[in-house]
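Numbering (the UniProt record's numbering), first residue to last: 1 to 977.
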């Protein structure tokens, strides 16, 4: 059994798994925790330069447990020899080595000069810097260039001057204009191929035997089953072609700016924090320097250690990259480690606040030096050389020239408005329309965008009569209007013929379709009051049932009072228990009476639909989760519908999102009897509106003890009956009877699908596109009620498709594509079944994708074009008037990836926009494409964007930034971190 969206397990591994062979030349890691302490080194001057240090380092490292060959996250043994990199894979030479040595020596000239002061240039440094000053640097760098402009081999890099006080570690400076050129090149270069990045990006900790063996065994299984399977990197080494660009805001804590650079992250996301005393840090730095550099005179050693130690305590970090790879268990969704992984193969641009620089308190230079030192350590395991750059501050930066390098930061005001502590809630009471300039581009702050998107998607829409369902924003904005002088003009009460709200799946109910929201557009998208809501029912977890006395008073009042909103100033607020919070034990006589009379009050209060009439609002925080139970109770009561019909009505007719728990299905089945018995649309019921309904003990027993749903007695064909023996005297009547049983489609089309799917519906992402689970796809009755015409099954089998009874009533035409990896089923009902059946199956075609598991190894890109082509052909054939279900086992990974790709293509959205669009409309189910699928979407987006007009970049958000945002979105749902 492989890892899937729902569960994963791994077979016990053999004692000696064929992960990789060990080689003597394989580099090993030096971690600060493994370096020899100062007390192990003699204190006199001779001891510092004696060969005993190398001996101690060697014995220390050799005593460590063995590691797997090619493991990237271990640094080699660092002895007195300063450069172990291969000359064939790097431009480093003896001159390059001497240049670093000279710069480290140069750091400690002129006695006790502090690190912040400019020191005299050494001979090597002076030659480089003077040549740089004399050159007339060309600002342009063509995007067609294959070499990164930040690579030491590029002409662009050679023209960048060395930063003051940082020449000892070769930190260069770069202007905003040149950085714009670099970013333009960077975001137009494709990411490395998927097969080069995986499984390394999954996280392969040297001690995590389970994760490593999992990928090896999966690889072996793929190799045995498919000779043309994807090639894997068996050594799990760091990708050779990966070169990311990360920007670090050095003064974020003390001098936060309104704008930040693209790809900005915190230093705490890439370097290890100081967890020791100053004395211990000095010991570690000493061991660190003596390991990296030889021939350091004793008189230089002390000041060099002091300088680097000062940088450590100024920033609070050590010059060592984080290793966040999980050390145990299997995980295919390690989004939280991607920034740290990318830092190991990235160039850095460090920038400080202009205010901090003016005050002389910027930490940018110290941050840059520590990052460069961390890279020097890491270079021992990687022949590629990465660099660190300091952004040169300028008074004015023209954003309209070249690539826009800055993006607005979400202000503290924005975070307060959108309520970071809440998952979906948008607050109106602290909203200020004069401060709307915080909505940034699509490279960060997806938490804020998710809250706004949820608010707009689930904004109030009309149900039966003048009863509306909405979210917290609708409630708060209505209260604000009622308190202001703008009432009643501020109520956006559209004419009756145009009052229908768009379905929640419509792109018009979205904010993500805009690349950038201006303040005016932002304000126009925020929901406004659509009716004169003055009766509010708040559904939440801590609520109790309304008091019967309150319900009785309101029923009497609005039986005799006017229903004109302008003739009454009273507003009423009721609480009601949320979905999932009511059990059988709560079905007491008093509680049941409260439920019935709450529905009765809503019906009475909102009975008039004329303009200016009173309206009621059922609301909860996200607009659907906590209020769904009451909404179904009201629809069953108001329209005398069964639970099945009420769910279909809310979904298809009213276009509202909803979510009920499996426990709610049991309760709603019980309540269905009461709701329909007291319904004003029940012909046998005469309603006394001025009095509350009373439930007798007999009616209570009917609810509690009565059957949930009458079970249909199944007919057993005669030839299957106990004791049946066929003989010659039998007529053909039994055969005819059995044939009719097989031809009867009612048994699988009239099944109680509510119990089958436990009340959940597949998520409607677009008007024609559904995303669901195998449970949804296996309920043929539900598919028929929803009108699903095409099913795309990603890696799963449909039970009904291969059922004997279904195949008896339908002809199946099967076409194979891609060597059998894709099967296309065309379904045509037989003529005789069309005449016999009362209910017809709506599904006309099924595409089944085989050999595609959610194991972090299978590649979706091969089958994705065929699936998208099938969706597009069905869409064009029906002119958009169709319904397609895409599903896998749970509906969160494989099928979610396909749906995200379809949304990107159909709505012309970026990956970040489409991801958020699908995520919000999947409602309470959190989509979780594994890392490899997400990376494949990046590559798929690049292929599509490559065909766009010139000037548009291949990706609007970088890989590690997107993973960082996904991790933040998932944090409220992760209890383990």
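Virtual Cβ for every residue (Gly too), placed ideally from N, Cα, C.
Ranked by how close their Cα comes to the Cα of residue 907, the residues 887, 872 and 958 have 872 in first place. Partner residues in a beta bridge of residue 599, as assigned by DSSP, do not exist. Taking 8 Å as the cut-off, the beta carbon of residue 617 is found closer than this to the beta carbon of residue 533. Between residue 220 and residue 850, the alpha-carbon positions lie close to 19 Å from each other.
Cα atoms of residue 164 and residue 318: separation of roughly 22 Å, rounded to the nearest angstrom.
Restricting attention to 292, 524, 591 and 677, the CA atom closest to the CA of residue 377 is found in 292. Residue 937 sits buried, since 16 or more C-beta atoms from the chains shown fall within 10 Å of its C-beta. Per DSSP, residue 816 is one residue of the beta strand (DSSP E) stretching across 810-817.
Across the set 813, 823 and 819, the C-alpha of 813 shows the shortest separation from the C-alpha of residue 830.
When beta bridges are read from the DSSP output, residue 461 appears opposite 469. Secondary structure of residue 574 (DSSP, three-state): strand.
The bridge partners DSSP lists for residue 538 are 575 and 619. Per DSSP, reduced to three states, the secondary structure at residue 309 is helical. Straight across, the Cα-Cα distance linking residue 804 with residue 811 is about 12 Å.
Taking the CA atoms as reference points, residue 918 sits about 46 Å from residue 159. Excluding the 5 residues flanking it on each side, residue 687 has same chain C-beta neighbours closer than 7 Å at 680, in chain order.
Partner residues in the beta bridge of residue 172, as assigned by DSSP, are 162 and 389. Less than 8 Å divides the Cβ of residue 783 from the Cβ of residue 843. Contact check between the stretch 329-342 and the stretch 280-288: fewer than three CB pairs, one atom from each, fall below 8 Å, which does not count as touching. Contact annotation: residue 777 and residue 887 have beta-carbon atoms nearer than 8 Å.
With a contact defined as Cβ atoms closer than 8 Å, residue 201 and residue 212 miss out at about 14 Å. DSSP places residue 756 within a helical segment (H, G or I) once states are collapsed to three.
Leaving aside the five residues that flank residue 156 on each side, the residues in its chain whose CB is nearer than 7 Å to its CB run, in chain order, 141 and 149. Two segments are said to touch when three or more pairs of C-beta atoms, one from each, lie closer than 8 Å; by this definition the stretch 624-634 touches the stretch 464-474. When only Cα atoms are considered, residue 666 and residue 848 end up about 34 Å apart.
Beta-bridge annotation (DSSP): residue 764 is paired with 770. Between residue 922 and residue 771, the gap from beta carbon to beta carbon is short of 8 Å.
Residue pairing of residue 830 in beta bridges, as defined by DSSP: absent, with no partner found. Setting aside the 5 residues that flank it on each side, residue 504 is surrounded in the same chain by 457, 458, 461, 655, 656, 657, 764 and 921, each with a C-beta closer than 8 Å to its C-beta; the list follows chain order.
Going by beta carbons, residue 531 and residue 646 fall outside the 8 Å limit. Proximity of the stretch 549-561 to the stretch 597-606 meets the contact definition, three or more beta-carbon pairs being nearer than 8 Å.
Ranking 183, 912, 925 and 939 by CA distance to the CA of residue 963 puts 912 first.
In the DSSP annotation of this structure, residue 960 is not part of any beta strand (DSSP E); the continuous alpha helix (DSSP H) holding it starts and ends at 959-970. In this structure, residue 768 places its C-beta atom within 8 Å of the C-beta atom of residue 880. The beta carbons of residue 373 and residue 173 sit about 18 Å from each other, so the pair does not count as a contact at 8 Å. For the pair of segments examined, the stretch 346-362 was found to touch the stretch 247-256: the number of CB pairs separated by less than 8 Å reaches three.
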